[in-house]
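For reference, the structure is listed below as structure tokens.
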Amino acid sequence: MAAQYLVLDIGGTFIKYALMDAEANSLEEGKVPSDTSGEQAVLSSLALVAERFADRDYAGVAISMPGRIDMEKGIAHTGGAFEWLKDYPAAERYGAVFGKPCTIANDGKCAAYAESWRGALADVDSGAVLVLGTGIGGGIVLNREVWMGCSGGAGELSVMPVDYDAYREGADPGRARRGMWTERISAKTLVDTYRERTGREDVDGIQLFDDYEASDPLAKEVIDEFAFQAALGIYGLQSVLDLPRYAIGGGISARPETTQVVRDTVEKLFSSHPATPFSMPEIVTCHFGNEANLIGALAFHLKAQG
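Its first residue numbered 20, the sequence shown is counted upward by one per residue in this note's numbering.
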């Protein structure tokens, strides 16, 4: 029988799991509640998954998780919503629950690797993935390798400064976050902004884009500002990376208007500055949706196992 792998995506609300073959075909999948309160809470949740697959013969465990991750050593230096995680031997501790070889990787980098392996970046050597959710996830692919940086923190685009004054000495500490890119283009920011401007607390992303399609002027204003901020960030990244393609992901990417409005604004920005010394990238939608983290975790695992 062909090798199978147990793949998990550890999030703040759920731990998603899938039994996959080496081609990333899902044979069985599901989820269990996640508890961010401490190590034992996470291990207990993982034990539920291990018990479910106790009679299955799988070759290893591949895990996607938040935080700054040292994949080679299996260390989670930080853990995002899992605030207790610090320099934690996650691959060793989590692998012990299953009794199998275990790899861990940052969830955004998993999404980027999935798109590079078999998705929207599969036919280019380099590119970037922007997953728009509560923050900006994703990562940067250079010469078909996900760029990790010297400490595993490369591609953490959420915190890229877009308002330099917010970081000046003496500035309101809370202003620094408002000066980050995530506060301009994340899906959360987009919906929160529309709620604030309409005074409608029941508005969600679906309603925002429905209103945009219906030519609601306020929805258009919010979406156009989002696209402008996204295009400016991409323009800045291009000045350093000069990538051929950016793939937009996250729940709002299911609406074709998301990618289209960013693409149109990027094209307008570059045409307005014809002397720009770097190329205009292609803007596309990610191929994988909610499965990207799982698929990327498997790809990292297969690579690590040789």
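Cβ atoms here follow ideal geometry from the backbone N, Cα and C, with glycine treated the same way.
**Limits of the unbroken alpha helix (DSSP H) element including Arg87** = In the sequence shown, counting from the first residue as 1, residue 87 sits at position 68. Where Arg87 is concerned, there is no enclosing alpha helix (DSSP H), given that its DSSP letter is neither H nor E.
**Request:** Rounded to whole angstroms, what's the CA-CA distance from Gly268 to Gly152? Just pull it up for me.
**Result:** The sequence position of residue 268 within the sequence shown is 249, counting from 1. The sequence position of residue 152 within the sequence shown is 133, counting from 1. For Gly268 and Gly152, the distance between alpha carbons rounds to 9 Å.
**Request:** Identify the continuous alpha helix (DSSP H) that holds Asn17 and give its terminal residues.
**Result:** Within the shown structure, residues of the chain are numbered from 20 to 325, placing residue 17 beyond reach of any answer.
**Request:** Report yes or no: do the region 135 to 151 and the region 255 to 271 share at least 3 C-beta pairs separated by less than 8 Å?
**Result:** yes
**Message:** Counting C-beta neighbours from all protein chains within 10 Å, is the total for Tyr186 16 or more, i.e. buried, or is it exposed?
**Reply:** Within the sequence shown, residue 186 is the residue found at index 167, counting from 1. Exposed, by the Cβ-count rule.
**Prompt:** Quick one, are the C-beta atoms of Ala110 and Gly93 less than 8 Å apart?
**Reply:** In the sequence shown, counting from the first residue as 1, residue 110 sits at position 91. In the sequence shown, counting from the first residue as 1, residue 93 sits at position 74. Closer than 8 Å, so yes.
**Message:** I need the boundaries of the beta strand (DSSP E) containing Asp28, first residue and last residue.
**Reply:** To locate residue 28, count along the sequence shown from 1; it is residue 9. Element bounds for Asp28: Gln23 to Ile29.
**Prompt:** For Asp223, which residues of its own chain have a beta-carbon under 7 Å away from its beta-carbon, when the five flanking residues on both sides are left out?
**Reply:** Residue mapping note: residue 223 aligns to position 204 of the sequence shown, counting from 1. Excluding positions up to five away in sequence, the list reads Val210.
**Cross-strand partners of Phe33 (DSSP beta bridge)** = Translated into the one-based positions of the sequence shown, residue 33 becomes position 14. Pro52, per the DSSP bridge assignment.
**Asked** Any chance the region 198 to 206 sits against the region 167 to 180, with 3 or more Cβ pairs inside 8 Å?
**Response** yes
**Message:** Let's see if you can read the secondary structure: which residues bound the beta strand (DSSP E) around Gly157?
**Reply:** As a working note, residue 157 is residue 138 in the sequence shown. Taken as a continuous stretch (DSSP letters only), the beta strand (DSSP E) holding Gly157 covers Ile155 to Leu161.
**Request:** With DSSP collapsed to three states, give me the class of Ala190.
**Result:** Within the sequence shown, residue 190 is the residue found at index 171, counting from 1. If DSSP states are grouped into helix, strand and coil, Ala190 belongs with coil.
**Request:** Output the distance between the C-alpha atoms of Ala246 and Gln279, rounded to the nearest integer angstrom.
**Result:** Translated into the one-based positions of the sequence shown, residue 246 becomes position 227. Translated into the one-based positions of the sequence shown, residue 279 becomes position 260. Each residue's Cα considered, the two are about 9 Å apart.
**Prompt:** Around the Cβ of His320, are there at least 16 other Cβ atoms within 10 angstroms (buried) or fewer (exposed)?
**Reply:** For the purposes of this step, residue 320 is identified with residue 301 of the sequence shown, where counting begins at 1. With 16 or more Cβ atoms within 10 Å of its Cβ, His320 is classed as buried.
**Prompt:** Which first and last residues belong to the beta strand (DSSP E) in which Tyr265 is found?
**Reply:** For this step, residue 265 is matched to residue 246 along the sequence shown. Per DSSP, Tyr265 belongs to the beta strand (DSSP E) from Arg264 to Gly268.
**Message:** Rounded to whole angstroms, what is the Cα-Cα separation between Thr208 and Gly99?
**Reply:** Here residue 208 refers to the residue found at position 189 of the sequence shown. Here residue 99 refers to the residue found at position 80 of the sequence shown. For Thr208 and Gly99, the distance between alpha carbons rounds to 18 Å.
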